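Participant:
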Amino acid sequence: GSAAVLLASSPPMDPNRVVRFAMICQPGSAVARKLLGDKILLPPKLLTGLLGRFGRDPLPSPMVFELRNKRARRISHCGVLEFTAPQDGVAILPDWMFENLKLKPGESLIFTLRPIPKLTSVTLQPLRAAFARDVKQPEAELTSALEKYTCLTGGDSVKIPVSGKEYTFRVRKVLPSRGNRKLPNAGCIINTDLKVEFMAPVHPDPQADQEETKAPKIEKKRIPGDVETKLTGERLSGMKISDVKEAKGKMCSVCRKDIPLKSFALHEMQCARLNVWCDKCGATIRRADVPRHKHCEKCNAVVTPEQYEEHMLKVHGPVTCECGATMEAMRLEAHKSSECPMRRVKCKYCGILVVHLELEPHLRLCGGKSCACRVCGAEVPRRKLDAHLAAVHRINPSLVQESKELYDPVSLDVAKATAASLGQQYR
Ligand SMILES: [Zn+2]
Ligand SMILES: [Zn+2]
Ligand SMILES: [Zn+2]
Ligand SMILES: [Zn+2]
Ligand SMILES: [Zn+2]
Ligand SMILES: [Zn+2]
30 GSAAVLLASS
40 PPMDPNRVVR
50 FAMICQPGSA
60 VARKLLGDKI
70 LLPPKLLTGL
80 LGRFGRDPLP
90 SPMVFELRNK
100 RARRISHCGV
110 LEFTAPQDGV
120 AILPDWMFEN
130 LKLKPGESLI
140 FTLRPIPKLT
150 SVTLQPLRAA
160 FARDVKQPEA
170 ELTSALEKYT
180 CLTGGDSVKI
190 PVSGKEYTFR
200 VRKVLPSRGN
210 RKLPNAGCII
220 NTDLKVEFMA
230 PVHPDPQADQ
240 EETKAPKIEK
250 KRIPGDVETK
260 LTGERLSGMK
270 ISDVKEAKGK
280 MCSVCRKDIP
290 LKSFALHEMQ
300 CARLNVWCDK
310 CGATIRRADV
320 PRHKHCEKCN
330 AVVTPEQYEE
340 HMLKVHGPVT
350 CECGATMEAM
360 RLEAHKSSEC
370 PMRRVKCKYC
380 GILVVHLELE
390 PHLRLCGGKS
400 CACRVCGAEV
410 PRRKLDAHLA
420 AVHRINPSLV
430 QESKELYDPV
440 SLDVAKATAA
450 SLGQQYR
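30 is the number of the first residue of the sequence shown in the working numbering; add one for each residue after it.
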């Protein structure tokens, strides 16, 4: 199962429901992914869990998680890029987030899915003087660079690429403020008319600029799970020859057992007098049982002379399937499970059993009914949901197909109400 444990949630239908879980975090560089902005990768199983948790309601969009590093008492927020993280229970974060959250690769964060307000204004303070010197139109450049970001959190140190170079900014002030002393001020910046203001750099000394270009100090660590395989591999290759159990006897040609050398000659003589080796089934047969140990020429089953007639009729005789096809009795089961036009198959949309012959017209009808996308709330015909998930949300639908609820028709009123409660326009 997944290492992500859903710790708490308020009852269903509550638009402010809280979904919270702990998850191990690894930097994008550990899986060779350069993640831009503040969007993370989560494992596909988590999406399945969220879909189950939200039932018939659409998932919040944009999806914003509060990230809490309890040990370092740091709180930030992030968006979600894709549900394609390669390992269950492990989230992949942009490298810069580790410095910002004072987190080491392989440590875990508490994730809380919660709606946050839209920001109207943000005040950023560049760490170094280089930003003001290099970038000629800071407001315009930064506004376009921030399109890769979902949200901003007061007090954060955010790395933002501007015209090909990364600059670090302190988030000094965000408006409107949340008015909650326990939580930092934070807000969503998607589809907002964000006003960006600047303060003088933290380090006005241009000499200190050199530090900025240094490579990020993130230790590369193996994702847990790889470690076990590695250790086993080492143990195996380090094994000494003497550890391998040596054969101390010889194999009897009749019973194929390993017989100690000192008693071998006597054993084989006695064994051959009592037993024979059946090369049709690889069993040692007592000579007395040989007349009753016969193999069916058609299926190799052991059939006694008395059973022979019944066996030929029941196993190899002709039978007629409910579809009208006639075949050898032993093939009927395979025919019914994979070939028979009358076999019952499950509709991938509604889950009911349909005769295979009628599946295509059923799928056309059933797949034409519309459902609301659980991620963005858009109304899509069920048949096109896979393509929508792949194209718009980069979710591999085969990974979430175990969740039949994906195709459940959702009330559009509920979708609109949820979107409105999050301050978003229903798409
Ligand atoms: Zn033997
Ligand atoms: Zn046999
Ligand atoms: Zn047979
Ligand atoms: Zn049939
Ligand atoms: Zn159906
Ligand atoms: Zn969608």
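All C-beta atoms in this analysis are idealised placements derived from N, C-alpha and C, irrespective of residue type, glycine included. Keep in mind it's a predicted model, so treat the numbers as computed, not measured.
Drop a sphere of 10 angstroms on the beta-carbon of residue 95, count the other beta-carbons inside from all chains shown, and report buried for 16 or more, exposed for fewer.
Facilitator: One-based indexing of the sequence shown puts residue 95 at position 66. Buried, by the Cβ-count rule.
Participant: Checking the sheet assignment: what are the DSSP bridge partners for residue 196?
Facilitator: Numbered from its first residue, the sequence shown carries residue 196 at position 167. Answer by DSSP bridge pairing, in chain order: 189.
Participant: Does DSSP classify residue 403 as helix, strand or coil?
Facilitator: Your numbering for residue 403 matches position 374 in the sequence shown. Residue 403: coil per DSSP, three-state reduction.
Participant: What does the shell around ligand 6 hold, if a residue joins when its beta-carbon is under 6 Å from any heavy atom?
Facilitator: Result (chain order): 402, 404, 405, 407, 417, 421, 422.
Participant: Pick out every residue whose C-beta is nearer than 6 Å to a heavy atom of ligand 3: which are they, in chain order?
Facilitator: Listed along the chain, these residues meet the criterion: 325, 327, 328, 330, 340, 344, 345.
Participant: Quick check: does the Cβ of residue 391 come within less than 7 Å of any heavy atom belonging to ligand 4?
Facilitator: Counting from one through the sequence shown, the residue named residue 391 turns up at place 362. Residue 391: no, Cβ never under 7 Å from ligand 4.
Participant: By how many angstroms is the C-alpha of residue 374 removed from the C-alpha of residue 354?
Facilitator: Counting from 1 along the sequence shown, the entry for residue 354 is found at position 325. Counting from 1 along the sequence shown, the entry for residue 374 is found at position 345. Cα to Cα, the separation comes out at about 19 Å.
Participant: Do residue 175 and residue 223 have their CB atoms nearer than 8 Å?
Facilitator: Taking the sequence shown and counting its residues from 1, the one referred to as residue 175 is at position 146. Taking the sequence shown and counting its residues from 1, the one referred to as residue 223 is at position 194. Yes, the Cβ-Cβ distance between residue 175 and residue 223 is below 8 Å.
Participant: Short check: CB of residue 378 to CB of residue 406, under 8 Å?
Facilitator: Counting from 1 along the sequence shown, the entry for residue 378 is found at position 349. Counting from 1 along the sequence shown, the entry for residue 406 is found at position 377. Cβ distance not < 8 Å, so residue 378 and residue 406 don't count as in contact.
Participant: Return yes when at least one heavy atom of ligand 1 lies under 7 Å from the C-beta of residue 305, else no.
Facilitator: Translated into the one-based positions of the sequence shown, residue 305 becomes position 276. No.
Participant: Might you give, ordered along the chain, the residues of its own chain that have their beta carbon closer than 7 Å to the beta carbon of residue 115, omitting 5 neighbours on each side?
Facilitator: On the sequence shown, residue 115 is found 86 positions in, with the first residue counted as 1. Answer for residue 115: 60, listed in chain order.
Participant: At the level of alpha carbons, what is the spacing between residue 345 and residue 336?
Facilitator: On the sequence shown, position 316 is the one that residue 345 refers to. On the sequence shown, position 307 is the one that residue 336 refers to. About 13 Å.
Participant: Can you list, in chain order, the residues of its chain with a C-beta nearer than 6 Å to that of residue 230? Leave out the 5 residues immediately preceding and following it.
Facilitator: The count along the sequence shown starts at 1 and reaches residue 230 at position 201. Answer for residue 230: 155, 157, 158, listed in chain order.
Participant: Taking the alpha helix (DSSP H) that residue 297 falls in, what are its first and last residues?
Facilitator: Counting from 1 along the sequence shown, the entry for residue 297 is found at position 268. Residue 297 -> alpha helix (DSSP H) spans 293-303.
Participant: Under the three-state reduction of DSSP, which class applies to residue 179: helix, strand or coil?
Facilitator: In the sequence shown, counting from the first residue as 1, residue 179 sits at position 150. Residue 179 falls in the coil class under three-state DSSP.
Participant: Contact check, residue 88 vs residue 421 under 8 Å by CB: the rounded distance?
Facilitator: Position 59 of the sequence shown holds residue 88. Position 392 of the sequence shown holds residue 421. That pair is no contact at about 13 Å.
Participant: If you measure between the beta carbons of residue 128 and residue 423, is that distance less than 8 Å?
Facilitator: Position 99 of the sequence shown, counting from 1, holds the residue named residue 128. Position 394 of the sequence shown, counting from 1, holds the residue named residue 423. Not in contact: residue 128 and residue 423 (Cβ atoms no closer than 8 Å).
Participant: Rounded to a whole number of angstroms, what is the C-alpha to C-alpha distance between residue 130 and residue 217?
Facilitator: Reading the sequence shown from its first residue, position 101 is the one you call residue 130. Reading the sequence shown from its first residue, position 188 is the one you call residue 217. Cα to Cα, the separation comes out at about 19 Å.
Participant: Run through DSSP, which three-state label would residue 52 get?
Facilitator: By 1-based counting over the sequence shown, the position of residue 52 is 23. Strand at residue 52.
Participant: Checking the sheet assignment: what are the DSSP bridge partners for residue 70?
Facilitator: As a working note, residue 70 is residue 41 in the sequence shown. Beta-bridge pairing links residue 70 to 111, 121.
Participant: So does residue 286 have its beta carbon nearer than 7 Å to some heavy atom of ligand 7?
Facilitator: In the structure on display, ligand 7 does not appear, and the ligands it does have are ligand 1, ligand 2, ligand 3, ligand 4, ligand 5 and ligand 6.
Participant: Let's test the definition: count the other Cβ atoms within 10 Å of the Cβ of residue 120 and tell me whether it reaches 16, buried, or not, exposed.
Facilitator: Here residue 120 refers to the residue found at position 91 of the sequence shown. It counts as buried.
Participant: Let me confirm a value: residue 15 is counted as buried when at least 16 other C-beta atoms fall within 10 Å, else exposed. Which label applies?
Facilitator: Examination of residue 15 is not possible in this model, given that the chain is present from 30 through 456 alone.
Participant: Would you say the beta carbon of residue 54 comes nearer than 7 Å to a heavy atom of ligand 2?
Facilitator: The residue labelled residue 54 in the question sits at position 25 within the sequence shown. No, Cβ of residue 54 sits at least 7 Å from all heavy atoms of ligand 2.
Participant: Am I right that residue 135 and residue 72 are in contact with their C-beta atoms under 8 Å? What's the rounded C-beta distance?
Facilitator: Sequence index remark: in the sequence shown, residue 135 carries index 106 (1-based). Sequence index remark: in the sequence shown, residue 72 carries index 43 (1-based). So it is not a contact: roughly 16 Å between Cβ atoms.
Participant: If residue 65 and residue 190 are in contact, beta carbons under 8 Å, what's the gap, nearest whole angstrom?
Facilitator: Here residue 65 is taken as the residue at index 36 of the sequence shown, counted from 1. Here residue 190 is taken as the residue at index 161 of the sequence shown, counted from 1. Correct: roughly 7 Å between the Cβ atoms.
Participant: Name the one or two DSSP bridge partners that residue 278 has.
Facilitator: To locate residue 278, count along the sequence shown from 1; it is residue 249. Its beta-bridge partners are 289.
Participant: Start and end of the alpha helix (DSSP H) containing residue 343?
Facilitator: Counted from its first residue, the sequence shown places residue 343 at position 314. Start and end: 337-345.
Participant: Decide if the region 200-210 is in contact with the region 160-177; the criterion is three or more beta carbon pairs, one per stretch, under 8 Å apart.
Facilitator: Counting Cβ pairs under 8 Å, fewer than three are found: no touch.
Participant: What does DSSP give as the partner residue(s) for residue 153 in the beta ladder?
Facilitator: Along the sequence shown, one-based indexing puts residue 153 at 124. DSSP output for residue 153 lists 200, 227 as bridge partner(s).
Participant: Using only alpha-carbon positions, find the residue among 98, 91, 186, 184 that is nearest to residue 147.
Facilitator: Locating residue 147 in the sequence shown gives position 118, counting from the first residue. Considering only alpha carbons, the answer is 91.
Participant: Note down the Cα distance separating residue 310 from residue 325, rounded to an integer number of angstroms.
Facilitator: Within the sequence shown, residue 310 is the residue found at index 281, counting from 1. Within the sequence shown, residue 325 is the residue found at index 296, counting from 1. Taking the straight line joining both Cα atoms gives about 11 Å.
Participant: How would you label residue 381, buried or exposed, when you count the other beta carbons within 10 angstroms and need 16 or more for buried?
Facilitator: Within the sequence shown, the letter at position 352 stands for residue 381. That one is exposed.
Participant: When DSSP builds the beta bridges, which residues end up paired with residue 410?
Facilitator: Counting from one through the sequence shown, the residue named residue 410 turns up at place 381. Note: residue 410 sits in a beta bridge opposite 399.
Participant: Could you tell me the alpha carbon to alpha carbon distance between residue 363 and residue 322, rounded to whole angstroms?
Facilitator: Locating residue 363 in the sequence shown gives position 334, where the first residue counts as 1. Locating residue 322 in the sequence shown gives position 293, where the first residue counts as 1. Each residue's Cα considered, the two are about 28 Å apart.
Participant: In three-state terms, what does DSSP make of residue 311?
Facilitator: Translated into the one-based positions of the sequence shown, residue 311 becomes position 282. Correct three-state label for residue 311: coil.
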